[in-house]
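Residue numbers (the numbering used here), protein chains in the order written: chain A, 960 to 1115; chain B, 434 to 780.
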């Protein structure tokens, strides 16, 4: 039996907490250790959860974009339409889930920025924004475990 | 920075000086800062553009211009000496030099749970309010700041001016698409306060403990001017990083208003609290660019530029459905000043 990646990272964190951090007095070195510990805490959460999170998020984003295009027509959402026309496979060859996720965030961002301001919108624009906002809420909930509480301590 | 190279460089500028000791100021992540002592307690501070550029996406030279202009005013600030666009000791990274002012950016023991520490916190809060009042009542036009700091047309226009300025910066510096932040910018535009601002002042940006040079619980030099701007002074209070928690918040603000004659509007104050989250996201994420390119691998670039940015993105995501008052109360709960953490400040 081998230790999991998460178990190894957590062991490193424990050694930092119990052995290294208490005896480091130099300010810069102590700060670097705090940063390293913070990043390790994040990695411990990320190493197990990131692949599933990306898979779920990519599928969700794709479904939302497809639903919007179907609802309002491709010409009303040109950035989404161009993305969908380029290929909707879950993982097109040569594109990692991370890269695909980043590309989809660009599409969603560009679509939101192309809408009228929330206070001045009506009809389709309001519907598109609501669908994308719902998706963004789900996205934040998905990644929350990897961010909180890892990054709540002193960052340096 | 190597001591021998710096000493040779300073001799070329200052004559027969010898460095007795030098240390890098902590934390100094935004811009590299070296404290240099010569014989006889004299010394200089060398501030340099870090590898890969500064954390804050504002031209390095502008901070020098602020120091230079402030050196001719009554505002407590270190005397500006010179700017060098391509110096040898940093392999060409720009630097500027100012006189060393003895003191500390931290106030160890300030947060002790004693009556004496509580009384001290009140004195420190009043001192900070007095010095901010001095800064905010400076005639910045007369002092020449209008020549290099873009100014809003009026106090009423101050917030929109800042929003548009930083929105443009954000789209230039962000490391990836942040749709939640884009929506937050829409929220910030929709919630711009309708009432006029308090005044148009020279504002410092981040201020308070961890930023200024303190000696005997007095601010003897305002330091770190990379976020200086002409704007509504309320913004500086929103960026005062825990100074309003040192004593009774309302008492501190009333004291400041009594000195300046300004009226700080609660709505504007609330707005700046939320605005600060976006501006911080912008500055910290800008600093991640150099980390991603391998030009600056200091770990704090990742914890700040990625980790804290993610935390603040989540906060902004929750703000989207709130009114201004609720949003301000919400973000204040989450906004902690690392300099008030004894693990960082050392006590």
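Here a beta-carbon is modelled for each residue, glycine too, at the ideal position from N, C-alpha and C.
For residue 968 of chain A, the closest Cβ of chain B is not nearer than 9 Å.
Membership of residue 456 of chain B in the beta strand (DSSP E) is indicated by the continuous run 452-457. Rounded to the nearest angstrom, the gap between the Cα atoms of residue 739 of chain B and residue 605 of chain B is 17 Å. With contacts defined by Cβ atoms closer than 9 Å, residue 993 of chain A and residue 1114 of chain A form a contacting pair. Counting every other CB atom within 10 Å of its CB across the protein chains shown gives residue 585 of chain B a total of 16 or more, marking it as buried. For chain A, the residues of the region 738-753 of chain B that bring a beta carbon within less than 8 Å of one of its beta carbons are 740, 741, 743, 744, 746, 747, 750, 753, in chain order. By the neighbour-count criterion, in which a residue is buried when 16 or more other Cβ atoms sit within 10 angstroms of its Cβ, residue 473 of chain B is exposed. Listed as beta-bridge partners of residue 634 of chain B by DSSP are B:664. Residue contact check for residue 1083 of chain A against chain B: no CB pair falls below 9 Å. Taking the C-beta atoms as reference points, residue 672 of chain B is found no nearer than 9 Å to residue 707 of chain B. Within chain A, no C-beta atom comes nearer than 8 Å to that of residue 617 of chain B; the closest sits roughly 11 Å away. Note that the C-beta distance between residue 633 of chain B and residue 704 of chain B is not below 9 Å. Under the three-state reduction of DSSP output, residue 736 of chain B falls in the helix class. Pairwise C-beta distances place the region 980-994 of chain A in contact with the region 728-738 of chain B, as three or more of them are shorter than 8 Å.
Close to residue 995 of chain A, with beta-carbon spacing below 7 Å, are these residues of chain B in chain order: 732. The continuous stretches of alpha helix (DSSP H) do not include residue 516 of chain B, which lies in the beta strand (DSSP E) extending over residues 513-517. CA-to-CA, the gap between residue 675 of chain B and residue 543 of chain B works out to about 12 Å. In the three-state reduction of the DSSP assignment, residue 601 of chain B falls in the helix class. For a Cβ distance threshold of 9 Å, residue set 1064, 1068 of chain A lies close to residue 611 of chain B, ordered along the chain. The three-state reading of DSSP puts residue 979 of chain A in helix, counting H, G and I together.
Residue 500 of chain B is not a Cβ neighbour of residue 518 of chain B, given a cutoff of 9 Å.
The C-alpha of residue 980 of chain A is placed about 24 Å away from the C-alpha of residue 1006 of chain A. For residue 581 of chain B, no alpha helix (DSSP H) run applies, since DSSP gives it neither H nor E. Residues of chain B whose Cβ lies closer than 7 Å to the Cβ of residue 1028 of chain A do not exist, since the nearest Cβ in that chain is about 17 Å away.
By the neighbour-count criterion, in which a residue is buried when 16 or more other Cβ atoms sit within 10 angstroms of its Cβ, residue 579 of chain B is exposed.
The Cβ-Cβ distance between residue 446 of chain B and residue 515 of chain B falls below 9 Å.
When beta bridges are read from the DSSP output, residue 468 of chain B appears opposite B:456, B:478.
Closer than 9 Å at the C-beta level to chain A, one finds these residues of the region 621-637 of chain B: 622, 623. The alpha helix (DSSP H) runs lying completely inside the region 663-696 of chain B and spanning 4 residues or more are 667-671, 682-693, given in chain order. By the neighbour-count criterion, in which a residue is buried when 16 or more other Cβ atoms sit within 10 angstroms of its Cβ, residue 1034 of chain A is exposed. At least 9 Å separates the CB of residue 760 of chain B from every CB of chain A.
Linking residue 722 of chain B to residue 728 of chain B through their CA atoms gives a straight-line distance of about 9 Å. Between residue 457 of chain B and residue 450 of chain B, the C-beta spacing is not below 9 Å. Straight-line spacing of the CA atoms in residue 538 of chain B and residue 645 of chain B works out to 5 Å. In chain order, 706 place their CB closer than 7 Å to the CB of residue 765 of chain B, counting only its own chain and leaving out the 5 sequence neighbours on each side.
Across the structure, residue 966 of chain A and residue 1004 of chain A are spaced so that their CA atoms are roughly 10 Å apart.
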